[in-house]
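In this note's numbering, the protein residues as written are 198 to 515.
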């Protein structure tokens with residue numbers, strides 16, 4: 198029987214051999230690195246160029262677009278579209294504040310609902326877990342329809358012409374709950390939960406002090422999706438906000454109405470006054486896109502670190 202002790206030098210050599218093999222496996226050659234870099238530069242350019250093009254068109258004069266069409270170098274620059282929007286600055290500024298408030302409140306409420314529901318459904322000792330999973334999953338396949346939703350929100354809950362009508366319908370998404378439930382199940386170790394129980398912490402304290410700090414990538418990703426949804430939403434305002442409550446209009450709905458009015462006046466210029474023929478219809482569309490997109494584009498870098506980390510949330514661990 199061989200009772201020889203292990204040789205430390207031999208073990209160290211084997212460890213280095215395995216490490217070197219893994220490094221060689223993950224190493225990228227300079228040629229491949231250059232090709233991948235070129236591909237990503239092209240893809241990034243393809244994403245940036247349309248945004249730059251939209252900004253250039255919004256800064257072009259309407260006469261330049263009429264004669265030359267869309268161009269990266271317009272025949273004449275102009276601020277007619279932004280000047281037209283500036284004339285309605287009181288309405289637009291009011292709608293901007295509405296959109297900011299609705300987006301912040303809706304995103305916070307949505308994160309509270311989705312994270313708590315996702316965490317509860319991820320706990321295997323929750324005795325009604327299967328029932329609530331199906332209860333949440335079914336609306337992902339079909340729902341009661343627009344008519345029943347409208348009746349419930351307006352007649353039963355009395356949300357018509359209120360800010361809650363713009364916040365509550367988008368606050369809770371079955372899709373986000375399922376994603377977070379899978380994330381908590383596959384990513385949060387059970388040992389962390391057990392350590393909190395051993396220390397006598399309540400479930401709420403475990404969730405707030407132990408689970409949430411290690412779940413920031415998932416929370417930031419869902420928060421970014423909710424922010425996009427609330428900031429770009431105008432459909433809820435069309436359904437639940439009447440013309441008698443225009444002070445509640447969000448920015449997107451105001452800009453959609455402006456674009457529709459300009460399109461109507463332009464298409465019926467032959468029966469309108471002479472001023473209708475000089476409305477900046479084409480540049481106005483692009484200026485509206487810039488106003489809608491820029492706040493989200495400027496806020497994205499603050500979410501980028503967590504968003505990249507959370508791209509694989511809900512995936513199965515290997």
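The C-beta atom is built at its ideal place from N, Cα and C for all residues, glycine as well.
> On the premise that residue 459 lies in contact with residue 478, defined as a C-beta separation below 8 Å, what is that separation, rounded to the nearest angstrom?
Replying inline: In the chain shown, residue 478 corresponds to position 281, counting from 1. In the chain shown, residue 459 corresponds to position 262, counting from 1. About 5 Å separates the two Cβ atoms, so the contact holds.
> With DSSP run on the structure shown, which of helix, strand or coil describes residue 257?
Replying inline: Stepping through the chain shown from its first residue, residue 257 is reached at position 60. Strand.
> With C-beta atoms as the reference, is residue 481 less than 9 Å away from residue 456?
Replying inline: By one-based count along the chain shown, residue 481 stands at place 284. By one-based count along the chain shown, residue 456 stands at place 259. In this structure, residue 456 lies closer than 9 Å to residue 481 by Cβ.
>> Taking the beta carbon of residue 483 as the centre, do at least 16 other beta carbons fall within 10 Å, making it buried, or is it exposed?
In response: Start at 1 with the first residue of the chain shown, and residue 483 comes out as number 286. Its Cβ being crowded by 16 or more others within 10 Å, residue 483 is buried.
> Taking the alpha-carbon positions, what's the residue 408 to residue 277 distance?
Replying inline: Counting from 1 along the chain shown, the entry for residue 408 is found at position 211. Counting from 1 along the chain shown, the entry for residue 277 is found at position 80. Each residue's alpha carbon lies about 52 Å from the other.
> Which residue comes first and which comes last in the alpha helix (DSSP H) that contains residue 432?
Replying inline: By one-based count along the chain shown, residue 432 stands at place 235. Counting along the chain, the alpha helix (DSSP H) containing residue 432 begins and ends at 432-437.
>> To test your reading of the DSSP string, which unbroken alpha helix (DSSP H) runs of 4 or more residues are found completely within the segment 330-388?
In response: 343-348, 361-368 and 371-384
>> Just to confirm the assignment, what range does the alpha helix (DSSP H) spanning residue 283 have?
In response: Taking the first residue of the chain shown as 1, we reach residue 283 at position 86. Counting along the chain, the alpha helix (DSSP H) containing residue 283 begins and ends at 277-284.
> Just the Cα atoms here: how many angstroms apart are residue 319 and residue 291?
Replying inline: Locating residue 319 in the chain shown gives position 122, counting from the first residue. Locating residue 291 in the chain shown gives position 94, counting from the first residue. Computed Cα separation, rounded: 42 Å.
>> Looking only at its chain, what residues have a beta carbon closer than 6 Å to the beta carbon of residue 404, apart from the 5 residues adjacent to it on each side?
In response: Here residue 404 refers to the residue found at position 207 when the chain shown is read from its first residue. 316, listed in sequence order.
> Taking the continuous alpha helix (DSSP H) assigned at residue 427, which residues delimit it?
Replying inline: Position 230 of the chain shown, counted from the start, is the residue given in the question as residue 427. 413-429 is the extent of the alpha helix (DSSP H) around residue 427.
>> Assuming the contact rule is C-beta atoms closer than 8 Å, residue 293 and residue 448 should be a hit. Round their C-beta distance to whole Å, please.
In response: For the purposes of this step, residue 293 is taken as residue 96 along the chain shown, with counting starting at 1. For the purposes of this step, residue 448 is taken as residue 251 along the chain shown, with counting starting at 1. Sure, about 5 Å apart at Cβ, within 8 Å.
> If you draw a straight line from the C-alpha of residue 336 to the C-alpha of residue 374, how long is it?
Replying inline: Counted from its first residue, the chain shown places residue 336 at position 139. Counted from its first residue, the chain shown places residue 374 at position 177. Each residue's Cα considered, the two are about 12 Å apart.
> In terms of residues, what are the limits of the alpha helix (DSSP H) holding residue 402?
Replying inline: On the chain shown, position 205 is the one that residue 402 refers to. Where residue 402 is concerned, the enclosing alpha helix (DSSP H) stretches over 400-403.
> Sorry if obvious, but does the Cβ on residue 480 come closer than 8 Å to a heavy atom of the ligand FAD?
Replying inline: The ligand FAD is absent from the structure shown, which contains no ligand whatsoever.
>> Buried or exposed, going by whether 16 or more other CB atoms sit within 10 Å of the CB of residue 389?
In response: The residue given as residue 389 occupies position 192 in the chain shown. Burial call: exposed.
> Once you ignore the five residues that flank residue 520 on each side, which residues in its own chain have a CB closer than 7 Å to its CB?
Replying inline: Any answer about residue 520 is impossible in this case: the structure gives the chain only from 198 up to 515.
> For residue 360 versus residue 308, is the C-beta spacing smaller than 9 Å?
Replying inline: The residue given as residue 360 occupies position 163 in the chain shown. The residue given as residue 308 occupies position 111 in the chain shown. Taking 9 Å as the Cβ cut-off, residue 360 and residue 308 do not qualify as a contacting pair.
> Can we say the segment 325-333 touches the segment 379-395, given the rule of at least three CB pairs closer than 8 Å?
Replying inline: no
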